[in-house]
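Here the UniProt record's numbering is used: the sequence shown runs in plain steps of one and ends on residue 605.
To start, the structure itself, in structure tokens.
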Amino acid sequence: HAKQTGKDSFQLFTPEIGEALRQRLALEQDMRDGLGQDQFCLFYQPQYDAQRRIQGLEALARWRHPERGWVAPVEFIPVAENSGLIVELGLVLLAVLRRDLDGLRAQGLTCPPVAVNLSWEQCRKPLHRERFLQQLKTLRLGPGEVEFELTESAGFEDIDKPDSFVFTLQGLGYGLAIDDFGTGYSSLAYLRRIRCRKLKIDRLFVHGLSASADSRTLVESMVRVAHAMRMVVVAEGVELPADEAALIAMGCDLMQGFGFCKPLAPQQMAELLGAAQA
Ligand code: C2E
Ligand code: MG
Ligand code: MG
Ligand code: MG
């Protein structure tokens, strides 16, 4: 009946919204089915220092949908977050990580620390936190092997509570990185509330910075603030050699981006590490 109330009121059931909702629900159902069927995996993108040595990896979720092929995380992570499936997905991805790390070890390779992305929806409820910690323990994923990346988001007030999951993870020795710094909710207020090991500057500021005085000033300031707070600075989305040079000149510690390497499937990652460690 929303449609009959005139053009100034909300049109709750327009065909477009109906279609978007239908697609979302379908994706959600596919995800629920796919979680038990080994459809989710991780790709790995290396982080490089100024000497172009690999110092870390970021694990990025991928979904091989039986009909649609590869689905990007920008499409399925929000669906997972809104439906609560992110909790189950997070646990599944930790198991995938364990399997991949064992695979690397079986090939005689040493793996640098792997950064796992964590959504706030995974950290909110005590039961979910407990299951996550239990999974880390069961899989023997310790602070030497994994760290976590977080983006500030709404609902972040939780951070003021001493039992906050962030502090629990830090108390266990896990390193934390602030992801996408400078965008959305990831702000200076965040830096004051938690002491993280790493700060990841969003690619919005990084891409093309060598040619933009404003971006250069902003990134330079972020590097200075982060270093003053004893954080390691990671630049995301480094694509251009000129940007790499500018970042190194500014003292940026680590760089990640297509200019160095795209996210790789585990076996490709093994080959890359193998070549570097030969
Ligand atoms: P993010 O954590 O900021 O990850 C970086 C994204 O930037 C990745 O996209 C990566 O492929 C992309 N990227 C890397 N280098 C470049 C570059 O040089 N240029 C450009 N244009 N892009 C670059 P991806 O893999 O599609 O992931 C998107 C987002 O999805 C991630 O952003 C993260 O927020 C979320 N995500 C991915 N995996 C997971 C996961 O396992 N759990 C959770 N909770 N979120 C995840
Ligand atoms: Mg990330
Ligand atoms: Mg990021
Ligand atoms: Mg992001």
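Each residue gets a CB set at the ideal place from its N, CA and C atoms; glycine is no exception.
Note that this is a predicted model, so its numbers are computed, not measured.
- Tell me whether residue 436 sits in a helix, a strand or coil according to DSSP, three-state version. The sequence position of residue 436 within the sequence shown is 109, counting from 1. Here residue 436 sits in coil by DSSP.
Q) Between which two residues does the alpha helix (DSSP H) harbouring residue 507 extend? A) Numbered from 1 along the sequence shown, position 180 holds the residue referred to as residue 507. Here residue 507 belongs to no alpha helix (DSSP H); instead the beta strand (DSSP E) covers 502–508.
Could you name the residues of the same chain whose beta carbon sits closer than 8 Å to that of residue 369, not counting the 5 residues immediately before and after it, in chain order? By 1-based counting over the sequence shown, the position of residue 369 is 42. The residues are 386, 387, 388, 389, 420, 423, 424, 427 and 593.
- Apart from the five residues just before and just after residue 410, which ones in its own chain have a Cβ nearer than 7 Å to its Cβ? Position 83 of the sequence shown, counting from 1, holds the residue named residue 410. The residues are 355.
Where residue 448 and residue 429 are concerned, what is the direct C-alpha to C-alpha distance, given to the nearest angstrom? The count along the sequence shown starts at 1 and reaches residue 448 at position 121. The count along the sequence shown starts at 1 and reaches residue 429 at position 102. Cα to Cα, residue 448 sits roughly 28 Å from residue 429.
- Task: Could you say which of 580, 574, 563 and 576 lies nearest to residue 588 if we only look at CA atoms?
- Result: Taking the sequence shown and counting its residues from 1, the one referred to as residue 588 is at position 261. If we check each option's Cα against that of residue 588, 563 comes out closest.
Please report the residue range of the beta strand (DSSP E) in which residue 474 lies.
-> Here residue 474 corresponds to residue number 147 of the sequence shown, with the count starting at 1. Looking at the DSSP string, the run of the beta strand (DSSP E) that includes residue 474 is 473–477.
Excluding sequence positions up to five away, which residues of its chain have a Cβ less than 8 Å from the Cβ of residue 524?
Residue mapping note: residue 524 aligns to position 197 of the sequence shown, counting from 1. Closer than 8 Å at the Cβ level, and outside the excluded window around residue 524, lie 474, 502, 503, 504, 558 and 559.
If you check the beta carbons only, do residue 508 and residue 528 fall under 8 Å apart? Residue numbering aside, residue 508 sits at position 181 when the sequence shown is read from its first letter. Residue numbering aside, residue 528 sits at position 201 when the sequence shown is read from its first letter. Yes.
What is the rounded straight-line gap between the Cα of residue 376 and the Cα of residue 349?
By one-based count along the sequence shown, residue 376 stands at place 49. By one-based count along the sequence shown, residue 349 stands at place 22. For residue 376 and residue 349, the gap between their C-alpha atoms comes out near 45 Å.
Which residues in the same chain have their Cβ closer than 8 Å to the Cβ of residue 416, if we skip the five residues on either side of it in sequence?
As a first step, residue 416 must be located in the sequence shown, where it is residue number 89. Taken in chain order, the residues that qualify are 358, 362, 367, 388 and 407.
What ranges does the alpha helix (DSSP H) occupy inside the stretch 530–579, keeping only unbroken runs of at least 4 residues that lie completely in it? 530–533, 540–555 and 568–577
Worksheet item: Are residue 445 and residue 476 touching if we call contact CB-CB under 8 Å?
Response: In the sequence shown, the residue the question calls residue 445 occupies position 118. In the sequence shown, the residue the question calls residue 476 occupies position 149. Yes, the pair counts as a contact, with Cβ atoms nearer than the cut-off.
Q. By DSSP, does residue 517 sit in helix, in strand, or in coil?
A. Locating residue 517 in the sequence shown gives position 190, where the first residue counts as 1. Reduced to three states, the DSSP call for residue 517 is helix.
### Task
Return helix, strand or coil for residue 590, following the three-state DSSP convention.
Along the sequence shown, one-based indexing puts residue 590 at 263. Here DSSP, grouped into helix, strand and coil, assigns residue 590 to coil.
Have a look at 378, 539, 469 and 580 and flag the residue whose alpha-carbon is nearest the alpha-carbon of residue 611. As shown, the chain starts at 328 and ends at 605. That puts residue 611 outside it, with no answer to give.
Is residue 415 near ligand 1, with its Cβ less than 7 Å from a heavy atom? The count along the sequence shown starts at 1 and reaches residue 415 at position 88. Residue 415 has its Cβ no nearer than 7 Å to any heavy atom of ligand 1.
Residue environment, residue 541, which counts as buried when at least 16 other CB atoms sit within 10 Å: Your numbering for residue 541 matches position 214 in the sequence shown. By the 10 Å Cβ count, residue 541 comes out exposed.
Given the structure, does residue 529 come close to ligand 3, in the sense that its CB is under 7 Å from one of the ligand's heavy atoms?
In the sequence shown, residue 529 corresponds to position 202, counting from 1. Yes, the Cβ of residue 529 comes within 7 Å of a heavy atom of ligand 3.
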